[in-house]
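Quick mapping for you: the protein sequence lines, in order, are chains A and B. End of the first sequence = 336 in full-length UniProt numbering, gap-free, step of one. End of the second sequence = 331 in full-length UniProt numbering, gap-free, step of one. Take a look at the structure set out below.
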Amino acid sequence: MIKILLRYTNLLVLTLLVVVIFSFALAYLFPGEPYTNLTGVIDEQAAAAHQNLSVTSAFWQYLGNIFAGDWGLSLMTGQSLADEIAITLPATLELSLYALAFALLVGLPIGFWAGLKPHKGIDYSVLGASAVMHSFPVFWLAMLLVLIFSLQFGWLPMSGRLNLLMDVPNVSGFIFVDIFLADNIDRSQAAWDAVKHLALPTFCVSIITMATIIRAVRRSTLEVMHKPFIIAAQSRGLSNAQIFFKHGFRNALLPILPILAMQVTTIITNVMIVESIFSWPGIGNWLLQAIYQQDYPAIRAGMLAVAGAVIVVTILIELFNRIIDPSREKFEDVTF
Amino acid sequence: MALLDIKNLTLEIDTEAGWIKALDKANLMVKENEIQALVGESGSGKSLIVRAISGGLPQQMRITADRLTWRGKNLLAMNGEERREIMRRDIAVVFQDPIGTLDPTVSLGEQLEESVPYEFVGSGWFWQKRAVRRKIAIQLLHKVGIKDHVATMRAYPHQITTDIGQKFMIAMALVSQPALLIADDPTRGMEATTKTQILKLFKRLNQTKGLSILFVGHDLLAISSMADSMTVLYCGQTVESGPIQKLQKRPLHPYTKALMESAPSFRVDLAPKSPLVTLPGTIPTLQHLPIGCRLGPRCERAQKTCVQAPEIRKIHDHQYSCHFPLHSKAK
Ligand SMILES: Nc1ncnc2c1ncn2[C@@H]1O[C@H](COP(=O)(O)OP(=O)(O)OP(=O)(O)O)[C@@H](O)[C@H]1O
Ligand code: SF4
Ligand SMILES: [Mg+2]
Numbered sequence: 001m002i003k004i005l006l007r008y009t010n011l012l013v014l015t016l017l018v019v020v021i022f023s024f025a026l027a028y029l030f031p032g033e034p035y036t037n038l039t040g041v042i043d044e045q046a047a048a049a050h051q052n053l054s055v056t057s058a059f060w061q062y063l064g065n066i067f068a069g070d071w072g073l074s075l076m077t078g079q080s081l082a083d084e085i086a087i088t089l090p091a092t093l094e095l096s097l098y099a100l101a102f103a104l105l106v107g108l109p110i111g112f113w114a115g116l117k118p119h120k121g122i123d124y125s126v127l128g129a130s131a132v133m134h135s136f137p138v139f140w141l142a143m144l145l146v147l148i149f150s151l152q153f154g155w156l157p158m159s160g161r162l163n164l165l166m167d168v169p170n171v172s173g174f175i176f177v178d179i180f181l182a183d184n185i186d187r188s189q190a191a192w193d194a195v196k197h198l199a200l201p202t203f204c205v206s207i208i209t210m211a212t213i214i215r216a217v218r219r220s221t222l223e224v225m226h227k228p229f230i231i232a233a234q235s236r237g238l239s240n241a242q243i244f245f246k247h248g249f250r251n252a253l254l255p256i257l258p259i260l261a262m263q264v265t266t267i268i269t270n271v272m273i274v275e276s277i278f279s280w281p282g283i284g285n286w287l288l289q290a291i292y293q294q295d296y297p298a299i300r301a302g303m304l305a306v307a308g309a310v311i312v313v314t315i316l317i318e319l320f321n322r323i324i325d326p327s328r329e330k331f332e333d334v335t336f
Numbered sequence: 001m002a003l004l005d006i007k008n009l010t011l012e013i014d015t016e017a018g019w020i021k022a023l024d025k026a027n028l029m030v031k032e033n034e035i036q037a038l039v040g041e042s043g044s045g046k047s048l049i050v051r052a053i054s055g056g057l058p059q060q061m062r063i064t065a066d067r068l069t070w071r072g073k074n075l076l077a078m079n080g081e082e083r084r085e086i087m088r089r090d091i092a093v094v095f096q097d098p099i100g101t102l103d104p105t106v107s108l109g110e111q112l113e114e115s116v117p118y119e120f121v122g123s124g125w126f127w128q129k130r131a132v133r134r135k136i137a138i139q140l141l142h143k144v145g146i147k148d149h150v151a152t153m154r155a156y157p158h159q160i161t162t163d164i165g166q167k168f169m170i171a172m173a174l175v176s177q178p179a180l181l182i183a184d185d186p187t188r189g190m191e192a193t194t195k196t197q198i199l200k201l202f203k204r205l206n207q208t209k210g211l212s213i214l215f216v217g218h219d220l221l222a223i224s225s226m227a228d229s230m231t232v233l234y235c236g237q238t239v240e241s242g243p244i245q246k247l248q249k250r251p252l253h254p255y256t257k258a259l260m261e262s263a264p265s266f267r268v269d270l271a272p273k274s275p276l277v278t279l280p281g282t283i284p285t286l287q288h289l290p291i292g293c294r295l296g297p298r299c300e301r302a303q304k305t306c307v308q309a310p311e312i313r314k315i316h317d318h319q320y321s322c323h324f325p326l327h328s329k330a331k
């Protein structure tokens with residue numbers, strides 16, 4: 001167990017280091033002074049001093065700053081980038097998390113259902129529906145939904161996270177946590193408002209992932225239910241429900257987790273697209289602004305933050321998968 | 001009365017070439033308190049018979065039978081619930097591939113404890129029940145000859161060796177104290193001493209507990225030492241069956257004779273250094289089955305009528321399916 005944790009920590013640290021190196025290199029590749037790109041400060045003297053530094057010592061300095069939480073300033077606003085990211089990244093992660101949760105909540109049962117009744121009417125309709133879902137371009141779907149639910153019927157708000165009249169102080173960056181922590185507002189009304197704001201973007205982002213999950217779960221259920229150990233369980237007189245919940249479920253889920261880890265990237269990318277349509281104050285929207293304004297320090301820091309978040313989440317899912325799948329050690333014994 | 005009675009069991013498999021009869025009117029009967037052996041070459045369909053008995057066939061297989069009964073009750077006509085109850089309490093199956101029949105994500109101990117029928121556990125708090133299950137599990141492991149029960153119960157299927165897996169599956173099968181144990185090649189690849197240990201266990205259970213056993217395998221020597229009667233399968237057809245001494249002394253079907261002769265140690269009256277007799281040719285694939293008696297192309301006694309499948313003939317409890325049996329004047 002400790003060995004596993006060590007191995008994954010090692011993996012995490014090394015990968016993050018590579019990302020930091022990449023972001024450092026960006027500062028040199030972007031137009032302008034590397035010093036300005038790294039810090040967001042325009043200061044000729046300091047830039048000249050920085051140029052005299054060797055690249056390695058400049059990198060160590062940068063690494064130290066990153067760890068100290070000093071990510072530089074935005075050229076656009078002059079604000080600390082770390083602070084801005086601390087506000088926008090949680091909004092993005094929140095949306096991604098709900099989209100993933102919603103995709104799982106709907107996708108898993110449907111996938112299992114189709115997989116347990118293969119090659120029947122239900123199965124084919126599920127497969128057909130998931131193929132359609134998978135081919136929606138996410139921005140088009142988002143606009144379509146806005147057109148229908150916001151503009152036509154006026155049921156759901158079309159932008160933002162919360163009604164501007166609600167005054168919820170930003171503490172954690174996660175809207176429901178902040179609503180819970182805020183004290184001078186009607187919490188249930190605020191929460192309901194937040195849900196309404198979340199509904200459309202969450203749905204848009206989750207639809208593609210849901211289709212992927214349905215197909216993967218169906219396939220792996222189909223495969224697992226033909227394994228000899230399922231046949232053996234049948235021969236022991238277990239009922240179909242017992243067999244599925246005791247032996248089928250877990251084994252069918254194992255191949256899903258790596259797919260989930262890969263979906264994290266898809267989801268975060270889609271969230272960043274959807275954000276600009278719904279004016280969601282997330283990091284995608286923020287990065288887009290930074291790109292328009294050629295705010296190089298912000299682009300660098302934003303990429304670093306997004307890449308870091310993706311890596312951490314992906315490795316955590318991998319680790320979880322490793323812990324619940326005992327047969328994986330079989331392969332590792334060979335490589336170690 | 002017979003425990004398990006199978007008459008004219010036909011199992012068809014859906015392949016690219018259409019539906020193929022992998023079992024063609026196979027017959028098998030296991031009586032109360034007997035050890036019945038089912039022998040035949042690799043690919044003759046022994047495991048398919050086991051699958052057909054245990055139920056839950058995949059969609060690409062279908063079976064028909066004149067009779068498939070358990071203690072007189074028709075297994076094919078009963079509903080899922082009744083059939084499961086029989087499989088849960090009365091019939092236990094050891095499949096051929098022991099490691100594959102274990103759930104890879106659950107430790108062996110949990111799987112064994114889970115299969116202890118609730119009737120044996122009694123009532124009490126869940127930790128008391130757990131302790132009872134554990135005790136039963138450990139006793140069983142010792143019984144089948146697994147001494148290190150702690151390590152075995154903690155292990156996952158991929159961590160154990162094949163022969164531990166084989167023994168473990170026997171323990172899993174015995175846990176419900178069944179009336180019939182179906183063991184598909186349970187001693188395959190085992191070391192000689194381990195094998196004798198398992199065979200002795202089977203014999204003992206048969207004698208002391210009245211356990212009936214359907215022993216599937218190739219090992220004629222082991223079979224002759226423990227089985228009461230034997231059924232010979234060739235290419236999905238049962239060619240001969242009866243008490244083992246009768247088959248051994250006076251086989252009536254050419255295939256049975258060839259089978260016995262191919263296992264010299266099994267023969268009582270073999271002169272030293274006499275050449276090994278084998279049948280010409282090889283077992284046909286399922287895609288190229290001959291019509292009628294499937295032994296036809298390899299049989300030296302074959303004649304025109306052999307393109308019609310022979311009926312079963314009986315001499316007391318000795319049955320065979322051949323138009324021109326041995327020890328009879330050829331017409
Ligand atoms: N699922 C399947 N699909 C197609 N063919 C199958 C399937 N299962 C078994 N067969 C075929 O049925 C025939 C009988 O197989 P079976 O496994 O019963 O042989 P066996 O007598 O148990 O052999 P062995 O002694 O090697 O275990 C073989 O020719 C095999 O190829
Ligand atoms: S029926 Fe004919 S082919 Fe078949 S075993 Fe008898 S003699 Fe040979
Ligand atoms: Mg077999």
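Glycine residues also receive a C-beta, built at the ideal position from the N, C-alpha and C atoms.
Checklist entry - For the stretch 42–75 of chain A, which residues have a beta carbon sitting closer than 9 angstroms to at least one beta carbon of chain B? => result none
Item to check | residue 127 of chain A (DSSP reduced to helix, strand or coil) | outcome: Taking the first residue of the first sequence as position 1, residue 127 of chain A is located at position 127. The answer is helix: DSSP assigns residue 127 of chain A an H, G or I state.
Next on the checklist: Shorter than 7 angstroms, the distance from the beta carbon of residue 336 of chain B to the closest heavy atom of ligand 2, or not?
Outcome noted: The structure shown has nothing for residue 336 of chain B, since chain B only spans 1 to 331.
Checklist entry - Between A/157, A/26, A/256, A/138, which lies nearest to residue 269 of chain A when the distance is taken from Cα to Cα? => result Numbered from its first residue, the first sequence carries residue 269 of chain A at position 269. If you compare the alpha carbons of A/157, A/26, A/256, A/138 with that of residue 269 of chain A, the shortest gap goes to A/138.
Checklist entry - So what does DSSP say about residue 117 of chain A, is it helix, strand or coil? => result By 1-based counting over the first sequence, the position of residue 117 of chain A is 117. Residue 117 of chain A falls in the coil class under three-state DSSP.
Checklist entry - If you measure from the CB of residue 47 of chain B, is any heavy atom of ligand 3 nearer than 7 angstroms? => result One-based indexing of the second sequence puts residue 47 of chain B at position 47. Answer for residue 47 of chain B: yes, Cβ within range of ligand 3.
Checklist entry - For the alpha helix (DSSP H) that contains residue 303 of chain A, what are its first and last residues? => result In the first sequence, counting from the first residue as 1, residue 303 of chain A sits at position 303. Looking at the DSSP string, the run of the alpha helix (DSSP H) that includes residue 303 of chain A is 296–324.
Checklist entry - Between the stretch 108–123 of chain A and the stretch 195–202 of chain A, do three or more beta carbon pairs fall short of 8 angstroms? => result no
Next on the checklist: Between the alpha carbons of residue 139 of chain B and residue 215 of chain B, how many angstroms are there, rounded?
Outcome noted: Your numbering for residue 139 of chain B matches position 139 in the second sequence. Your numbering for residue 215 of chain B matches position 215 in the second sequence. Cα to Cα, the separation comes out at about 23 angstroms.
Next on the checklist: I'd like the list of long-range same chain contacts for residue 50 of chain A, defined as Cβ closer than 6 angstroms, with 5 residues on each side in sequence excluded.
Outcome noted: Numbered from its first residue, the first sequence carries residue 50 of chain A at position 50. Cβ within range, chain order: 35.
Item to check | Endpoints, beta strand (DSSP E) assigned at residue 184 of chain B | outcome: Numbered from its first residue, the second sequence carries residue 184 of chain B at position 184. That run of the beta strand (DSSP E) goes 180–184.
Checklist entry - Under three-state DSSP, which class holds residue 242 of chain A? => result On the first sequence, position 242 is the one that residue 242 of chain A refers to. If DSSP states are grouped into helix, strand and coil, residue 242 of chain A belongs with the helices.
Checklist entry - How about residue 58 of chain B: is its C-beta nearer than 8 angstroms to some C-beta of chain A? => result In the second sequence, counting from the first residue as 1, residue 58 of chain B sits at position 58. At least one chain A Cβ lies under 8 angstroms of residue 58 of chain B.
Checklist entry - If we cut at 8 angstroms on Cβ distances, does residue 82 of chain B have a partner in chain A? => result Here residue 82 of chain B refers to the residue found at position 82 when the second sequence is read from its first residue. Taking Cβ atoms only, chain A never reaches closer than 8 angstroms to residue 82 of chain B, which makes this a no.
Checklist entry - Hey, how far is the Cα of residue 25 of chain A from the Cα of residue 161 of chain B? => result Along the first sequence, one-based indexing puts residue 25 of chain A at 25. Along the second sequence, one-based indexing puts residue 161 of chain B at 161. C-alpha separation (whole angstroms): 52 angstroms.
Checklist entry - In three-state terms, what does DSSP make of residue 253 of chain B? => result Taking the first residue of the second sequence as position 1, residue 253 of chain B is located at position 253. Residue state, collapsed to three classes: coil.
Item to check | For residue 147 of chain B, the three-state DSSP class (helix, strand or coil) | outcome: As a working note, residue 147 of chain B is residue 147 in the second sequence. DSSP, read as helix, strand or coil, puts residue 147 of chain B in coil.
Checklist entry - Span of the beta strand (DSSP E) holding residue 320 of chain B? => result For the purposes of this step, residue 320 of chain B is identified with residue 320 of the second sequence, where counting begins at 1. Start and end: 318–320.
Next on the checklist: Please state the DSSP three-state secondary structure of residue 333 of chain A.
Outcome noted: Working through the first sequence from its first residue, we reach residue 333 of chain A at position 333. Because residue 333 of chain A carries a pLDDT of 48, less than 50, the predicted location of this residue cannot be relied on, and the following value inherits that uncertainty. Correct three-state label for residue 333 of chain A: helix.
Next on the checklist: Closest to residue 186 of chain B by C-alpha separation, out of B/142, B/39, B/60, would be which residue?
Outcome noted: As a first step, residue 186 of chain B must be located in the second sequence, where it is residue number 186. Out of B/142, B/39, B/60, B/39 has the C-alpha closest to the C-alpha of residue 186 of chain B.
Next on the checklist: Give me the chain B residues within the contact set of residue 125 of chain A, using Cβ-Cβ distance strictly less than 8 angstroms, ordered along the chain.
Outcome noted: Counting from 1 along the first sequence, the entry for residue 125 of chain A is found at position 125. Simply none; closest approach about 19 angstroms.
Checklist entry - Name the DSSP bridge partner or partners of residue 243 of chain B? => result Here residue 243 of chain B refers to the residue found at position 243 of the second sequence. In the DSSP output, where bridge partners are listed per residue, residue 243 of chain B has B/229.
Checklist entry - At least one CB of chain B closer than 8 angstroms to the CB of residue 231 of chain A: is that the case? => result Indexing the first sequence from 1 puts residue 231 of chain A at position 231. Residue 231 of chain A counts as touching chain B.
Checklist entry - What residue from B/251, B/301, B/213 has the CA that sits closest to residue 50 of chain B's CA? => result Here the question's residue 50 of chain B lines up with position 50 in the second sequence. Residue B/213 is the option with its Cα nearest to residue 50 of chain B.
Checklist entry - At which residues does the alpha helix (DSSP H) containing residue 33 of chain B begin and terminate? => result Within the second sequence, numbered from 1, the residue matching residue 33 of chain B stands at position 33. Boundaries cannot be given for residue 33 of chain B, as no alpha helix (DSSP H) includes it and DSSP labels it neither H nor E.
Checklist entry - Distance, Cα to Cα, residue 330 of chain B vs residue 70 of chain B? => result Along the second sequence, one-based indexing puts residue 330 of chain B at 330. Along the second sequence, one-based indexing puts residue 70 of chain B at 70. With a pLDDT of only 48 at residue 330 of chain B, under the threshold of 50, the placement of this residue in the model should not be trusted; the figure read from the coordinates follows. In a straight line, the C-alpha of residue 330 of chain B is about 39 angstroms away from that of residue 70 of chain B.
Item to check | Where residue 327 of chain B falls: helix, strand or coil (DSSP) | outcome: For the purposes of this step, residue 327 of chain B is taken as residue 327 along the second sequence, with counting starting at 1. Residue state, collapsed to three classes: coil.
Checklist entry - How would you call residue 131 of chain B, buried or exposed, if buried means at least 16 neighbouring beta carbons within 10 angstroms? => result Taking the second sequence and counting its residues from 1, the one referred to as residue 131 of chain B is at position 131. Classification for residue 131 of chain B: exposed.
Item to check | Partner residues on chain A for residue 142 of chain B, Cβ-Cβ distance less than 7 angstroms | outcome: As a position in the second sequence, residue 142 of chain B is number 142, starting the count at 1. Residues of chain A passing the Cβ test: none, with the nearest at roughly 21 angstroms.
Checklist entry - When you compare only the Cα positions, how much space is there between residue 285 of chain A and residue 273 of chain A? => result As a working note, residue 285 of chain A is residue 285 in the first sequence. As a working note, residue 273 of chain A is residue 273 in the first sequence. The straight-line gap from Cα to Cα measures roughly 8 angstroms.
Checklist entry - In or out: residue 36 of chain B buried (at least 16 other Cβ within 10 Å) or exposed? => result Taking the second sequence and counting its residues from 1, one reaches residue 36 of chain B at position 36. Counting Cβ neighbours within 10 Å, residue 36 of chain B comes out buried, since at least 16 surround it.
Checklist entry - With C-beta atoms as the reference, is residue 251 of chain A less than 8 angstroms away from residue 271 of chain A? => result As a first step, residue 251 of chain A must be located in the first sequence, where it is residue number 251. As a first step, residue 271 of chain A must be located in the first sequence, where it is residue number 271. Cβ distance not < 8 angstroms, so residue 251 of chain A and residue 271 of chain A don't count as in contact.
Next on the checklist: Report the start-end ranges of each alpha helix (DSSP H) in the stretch 39–89 of chain A that is 4 residues or longer and not cut off at the edges.
Outcome noted: 44–52, 55–68
Checklist entry - So, helix, strand or coil for residue 2 of chain B, using DSSP? => result As a first step, residue 2 of chain B must be located in the second sequence, where it is residue number 2. Reduced to three states, the DSSP call for residue 2 of chain B is strand.
Checklist entry - Do you know offhand how far residue 77 of chain A's Cα is from residue 14 of chain A's? => result One-based indexing of the first sequence puts residue 77 of chain A at position 77. One-based indexing of the first sequence puts residue 14 of chain A at position 14. Going from the Cα of residue 77 of chain A to the Cα of residue 14 of chain A covers about 33 angstroms.
Checklist entry - If we cut at 8 angstroms on Cβ distances, does residue 220 of chain A have a partner in chain B? => result Indexing the first sequence from 1 puts residue 220 of chain A at position 220. No - not a single Cβ of chain B is within 8 angstroms of the one on residue 220 of chain A.
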